[in-house]
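In the numbering used here, the protein residues as written are 14 to 277. Ideal Cβ placement from N, Cα and C applies to all residues, glycine included. From a predicted model like this one, the values you see are computed outputs, not experimental measurements.
What follows is the structure, encoded as structure tokens:
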């Protein structure tokens, strides 16, 4: 008989990365690493029920305020909690305040006996050169996440040390959301951290080298990224708007993994 995972009810909370942006589209539906992780678990647990409460654009405090209570009501035995990147990119970022929100969620979920998993963030300056100045924030936030997780007995996937996590092929064109390959890697890393049967650390292996881009090519790529993605993102911030305005969770209830995905 094949090994089982012991998980029956998986709930994911978070922002756009957990929602699945970058893996699919608004027509066919967003898949993402959490969906992929649920699919992996369901291979061993065919009766797995899965809910995804994540909504793009949410700050850590909003994730706690909007998603914690509904998630607890679903009585999960596995929860993934990933938030903080949207906070990190905004003026007035306070790593302590962000991790206080995460820690409150860690405490609430672990108190029910659920297994909880979270992530650290990769070196975003290697993904988007204009974000190099944010590296001290990433280091601070990651250190605090590790400490809070250790205190609460939360499983951590530490992405920062692994060079593959900043490979451009792991990211979509906006450099904010993982590509399908990246989402697959995140799901594999989560499966390995949870010691799921059949998982391994292959997700951390570097990809084959890319050809070295010339100065003109790199400059053109940066200009395209600024005009297509960074500019509109900054404009939304100036207008006080969020990509998640008017959005709701794509999978607000526990459904069998094979159930059709909901598109919002």
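First through last residue of the alpha helix (DSSP H) which encompasses residue i
i: residue 95; result: From DSSP, residue 95 is part of no alpha helix (DSSP H) but of the beta strand (DSSP E) over 91 to 95.
i: residue 225; result: Per DSSP, residue 225 belongs to no alpha helix (DSSP H) and is neither H nor E.
i: residue 76; result: 73 to 86
i: residue 321; result: Here the chain has residues from 14 to 277 only, and residue 321 is not among them.
i: residue 29; result: 29 to 32
Simplified DSSP assignment, three categories, for residue i
i: residue 267; result: strand
i: residue 167; result: coil
i: residue 42; result: strand
i: residue 259; result: coil
i: residue 146; result: helix
i: residue 138; result: helix
i: residue 105; result: coil
i: residue 277; result: For residue 277, the predicted model reports a pLDDT of 35, less than 50, meaning its position is unreliable and no value from the coordinates is stated.
i: residue 14; result: Low confidence applies here, because residue 14 scores a pLDDT of 32, under 50, leaving its location unreliable; read the following figure in that light. Coil.
Residue interval of the beta strand (DSSP E) (run including residue i)
i: residue 129; result: 128 to 132
Identified DSSP bridge partners for residue i
i: residue 62; result: 22, 269
i: residue 216; result: Answer is none; residue 216 lacks a bridge partner.
i: residue 70; result: None; residue 70 has no bridge partner.
i: residue 37; result: 43
Residue of the options minimising C-alpha distance to residue i
i: residue 181; options: 171, 170, 193; result: 193
i: residue 87; options: 102, 129, 62; result: 62
i: residue 65; options: 56, 52, 100, 139; result: 52
i: residue 9; options: 220, 204, 211; result: With the chain covering only 14 through 277, there is no way to say anything about residue 9.
i: residue 206; options: 50, 21, 26, 38; result: 50
i: residue 190; options: 18, 28, 23, 21; result: 28
i: residue 266; options: 44, 42, 38, 67; result: 67
i: residue 129; options: 23, 75, 184; result: 23
i: residue 123; options: 141, 139, 155, 89; result: 89
i: residue 127; options: 137, 153, 21, 97; result: 21
i: residue 261; options: 164, 32, 270; result: 32
i: residue 26; options: 76, 36, 55; result: 76
i: residue 201; options: 45, 41, 34; result: 45
i: residue 212; options: 41, 36, 39, 56; result: 56
i: residue 270; options: 48, 160, 151, 38; result: 48
i: residue 54; options: 71, 19, 37; result: 19
i: residue 140; options: 82, 195, 208; result: 195
i: residue 153; options: 82, 106, 225, 30; result: 106
Backbone CA spacing between residue i and residue j [nearest angstrom]
i: residue 279; j: residue 214; result: Residue 279 is absent from the model: the chain starts at 14 and stops at 277.
i: residue 264; j: residue 228; result: 44 angstroms
i: residue 277; j: residue 166; result: For residue 277, the pLDDT reaches just 35, beneath the cut-off of 50, and the residue's location in the model is therefore unreliable, although a value from the coordinates is still provided. Distance between the alpha carbons of residue 277 and residue 166 is about 34 angstroms.
i: residue 60; j: residue 149; result: 43 angstroms
i: residue 137; j: residue 173; result: 9 angstroms
i: residue 43; j: residue 197; result: 13 angstroms
i: residue 111; j: residue 155; result: 11 angstroms
i: residue 41; j: residue 35; result: 12 angstroms
i: residue 132; j: residue 17; result: 24 angstroms
i: residue 144; j: residue 134; result: 13 angstroms
i: residue 184; j: residue 120; result: 31 angstroms
i: residue 97; j: residue 125; result: 23 angstroms
i: residue 80; j: residue 259; result: 15 angstroms
i: residue 162; j: residue 223; result: 35 angstroms
i: residue 39; j: residue 210; result: 32 angstroms
i: residue 177; j: residue 171; result: 12 angstroms
i: residue 94; j: residue 218; result: 25 angstroms
Short CB-CB distance (under 8 angstroms) between residue i and chain D
i: residue 220; result: The displayed structure is made up of one protein chain only, and chain D is not part of it.
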